[in-house]
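Note that the sequence shown covers residues 2 to 482 in the working numbering.
The beta carbon of each residue, even a glycine, is placed where N, CA and C say it ideally should be.
Below: the structure, in structure tokens.
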Amino acid sequence: MRIPITVTYTLGALTVAGLVLALSLWATRTFFERDFANYVFEGERHQLELLAAELAAHYAEEGSWDYVKANPRRWLRLGALTRYDRRNRNHRASRHARPPPGGPRGDQQADSSHRRPPPPGRLVLTDADRKPLWGPELRNPEETGPQIERPIVVDGITVGYLQNRSVQRISRDVDLAFSVSQRRTVIVVGILGLALASLFAFLLARRMVAPIKQIQAHTREMQKSGFEGLLTLQSDDELGDLAASLNELSATLQANRSARQQWLANISHELRTPLAVVKAEIEALQDNVRPLTQDAIASLAREIDHLQYLINDLNELTLSDLGALTYEKQPLDLTLLIEELIHDQRGKIDAAQASVTFEHNAQPAWVLGDPHRLRQLFSNLLDNALKYSAKPATINISCAVNKETIECAIADTAPGIDSRDMEEIFAPLFRGERARTGRSAGLGLAICRNLATAHHATIAAQPSPLGGLQLNLVFPRISAP
2 MRIPITVTYT LGALTVAGLV LALSLWATRT FFERDFANYV FEGERHQLEL LAAELAAHYA
62 EEGSWDYVKA NPRRWLRLGA LTRYDRRNRN HRASRHARPP PGGPRGDQQA DSSHRRPPPP
122 GRLVLTDADR KPLWGPELRN PEETGPQIER PIVVDGITVG YLQNRSVQRI SRDVDLAFSV
182 SQRRTVIVVG ILGLALASLF AFLLARRMVA PIKQIQAHTR EMQKSGFEGL LTLQSDDELG
242 DLAASLNELS ATLQANRSAR QQWLANISHE LRTPLAVVKA EIEALQDNVR PLTQDAIASL
302 AREIDHLQYL INDLNELTLS DLGALTYEKQ PLDLTLLIEE LIHDQRGKID AAQASVTFEH
362 NAQPAWVLGD PHRLRQLFSN LLDNALKYSA KPATINISCA VNKETIECAI ADTAPGIDSR
422 DMEEIFAPLF RGERARTGRS AGLGLAICRN LATAHHATIA AQPSPLGGLQ LNLVFPRISA
482 P
């Protein structure tokens, strides 16, 4: 089932907010109530100590607890216990004995309270033998023992004990109401948090989905229009980067499509020209316009050879682009390979009225490569220099051994090429100004670049100090075998 991003974000925010609310409630119940109970416990213990000191002063005046045994209500009138225990019962008493409108107020209400027994307190007063003198123990003997006990000491002698029960939990109504209020506050805030989180997630999801839909619509438009048009998305986040990458992809695909169309057009043109020449010569022979002589047959053979050479170059370039050429790499010395190539091409060099020099030091230039493919690479570069240099041409080949690289350069004499075409000359079927007078299809340097790349080498062009073109190759150097 397909779930929209908006729904996913909203449900995710609700889930997180709900977990936070549940955790808050659990923390409030577990930690807050425990800590608050401890706070109340410490407060009551402190009050109990103050009250024990006040009871000791009363005992010193009376000399015994007899008056408490005889008349416990007199103890209440002393005000010692009421200031502590009645404070704990005040909220409950006011709730159970709320006066009617116009009823007694102030002291009248206090005086009338003796008609109704007050709720049991938590204070217990005992003698030195812990026999109850006043407190809930006299009313409910089955109640559990005290939780806090403070001795009442007079002149260094313990004359009694003041005890407080059931302080391990929040028991006073005021304190309990405060705890419940805190819990309700957490619930209300949590519900508001759920609502705000849902709203925020919904708005955020809509904001994120809007550019995604725009990108999706642009992608569909690209499919229809053939990668034309740019996506105008103003954003500084990752979606903006995605839109910029999509525009770059669109431009690249459009450029590749144009290059492919141009490639097909150039191939058609290159194949059509020699075929037209061959067809015209054959028709001339058929119509007896030209006699069938050895010269005519040789002319046809040259055109067919040129056509075969072009087809072979196209096949070689296609295989190198696809990485389908086989390479049997082994350690070899580039200086020896270049020297052998110059020696084998001496006849072609002399026929072109060219002078070829090779500069290198005595140190071997070890590389890992296929001897056949590297010979093809340097042979194509040498042929390119011989073909496009004005006669008499001068070609200088150099090879320098560095710590980690081997640098080779082939420089020729004028004519050169425009500096704007230095990178374009490696494109298939590219023909610069100095190549327009020849019959080359412009595939040689493209093949050379693929061969160099297969050997992890780089190839680049620059103006030659001799006035023509200089091609630089950089190979990774290996240790001597």
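Cβ pair residue i, residue j closer than 9 Å
i, j, result
"Tyr-389", "Leu-474", "no"
"Leu-232", "Asn-257", "no"
"Ile-448", "Asp-345", "no"
"Ala-366", "Lys-392", "no"
"Leu-369", "Pro-212", "no"
"Leu-205", "Tyr-10", "yes"
"Ile-407", "Ala-415", "no"
"Val-210", "Ile-479", "no"
"Ser-399", "His-373", "no"
"Thr-294", "Ser-356", "no"
"Ala-53", "Arg-151", "yes"
"Ile-411", "Phe-379", "yes"
Where residue i falls, given that 16 or more other Cβ within 10 Å makes a residue buried
i, result
"Gln-164", "buried"
"Leu-276", "exposed"
"Thr-127", "buried"
"Pro-482", "exposed"
"Trp-27", "exposed"
"Arg-208", "exposed"
"Leu-337", "exposed"
"Gly-161", "buried"
"Gly-136", "buried"
"Ser-113", "Reliability of the predicted coordinates at Ser-113 is poor, the pLDDT of 38 falling under 50, and no value is obtained from them."
"Phe-32", "exposed"
"Ala-462", "buried"
"Leu-472", "buried"
"Gly-417", "buried"
"Ala-129", "exposed"
"Val-69", "buried"
"His-97", "Only weak support exists for where His-97 lies, its pLDDT of 46 falling under 50; the coordinates are left without a value."
"Leu-12", "exposed"
"Ala-18", "buried"
"Asn-536", "The displayed coordinates of the chain run from 2 to 482. Any statement about residue 536 would go beyond what the structure contains."
C-alpha distance - residue i paired with residue j, whole-angstrom precision
i, j, result
"Arg-184", "Gly-194", "15 Å"
"Leu-20", "His-457", "57 Å"
"Arg-46", "Leu-24", "32 Å"
"Asn-141", "Ser-199", "Unreliable positioning characterises Asn-141 in this predicted model, as indicated by a pLDDT of 47, which lies under 50. A coordinate reading is not provided."
"Asn-397", "Thr-454", "23 Å"
"Arg-88", "Phe-179", "Reliability fails at Arg-88, whose pLDDT of 49 lies under 50, so the model's placement of it is uncertain and the value that follows must be treated cautiously. The straight-line gap from Cα to Cα measures roughly 16 Å."
"Gly-445", "Gln-217", "42 Å"
"Val-278", "Gln-331", "44 Å"
"Leu-320", "Glu-222", "34 Å"
"Leu-240", "Ile-305", "56 Å"
"Ile-149", "Leu-15", "47 Å"
"Asp-238", "Ala-245", "11 Å"
"Arg-376", "Leu-342", "7 Å"
"Glu-62", "Phe-42", "30 Å"
"Leu-286", "Leu-311", "25 Å"
"Leu-383", "Val-290", "40 Å"
"His-1", "Thr-274", "Because the chain spans 2 through 482 in this model, residue 1 falls outside it and cannot be assessed."
"Cys-409", "Lys-349", "22 Å"
"His-219", "Ile-268", "34 Å"
"Ala-202", "Ser-182", "30 Å"
"His-92", "Val-8", "Annotation note: pLDDT 44 at His-92 (below 50); position unreliable, no value reported."
"Asp-156", "Glu-55", "14 Å"
"Leu-326", "Pro-464", "31 Å"
"Asp-288", "Leu-250", "55 Å"
N- and C-terminal bounds of the beta strand (DSSP E) containing residue i
i, result
"Ala-462", "459-464"
"Thr-414", "406-414"
"Pro-429", "Neither: Pro-429 is in no beta strand (DSSP E) and is coded neither H nor E."
"Asp-334", "331-334"
"Leu-232", "It is not in any beta strand (DSSP E) - Leu-232 carries neither H nor E in the DSSP assignment."
"Gly-136", "Run containing Gly-136: none; DSSP gives neither H nor E here."
"Leu-474", "468-477"
According to DSSP, residues forming a beta bridge with residue i
i, result
"Thr-186", "DSSP, once it has assigned bridges, lists no residue as partnering Thr-186."
"Thr-358", "Asn-397"
"Gly-161", "Asp-128 and Ile-153"
"Leu-369", "Pro-332"
"Val-402", "Ile-407"
Span of the alpha helix (DSSP H), counted from its first residue to its last, around residue i
i, result
"Asp-384", "372-389"
"Gly-348", "347-352"
"Leu-26", "6-28"
"Leu-451", "Leu is not the amino acid found at residue 451; the sequence shown has Asn there. Element bounds for Asn-451: 445-455."
is_contact[residue i, chain B] using C-beta, thresh 9 Å
i, result
"Asp-422", "Here chain B cannot be found, since the structure has a single protein chain."
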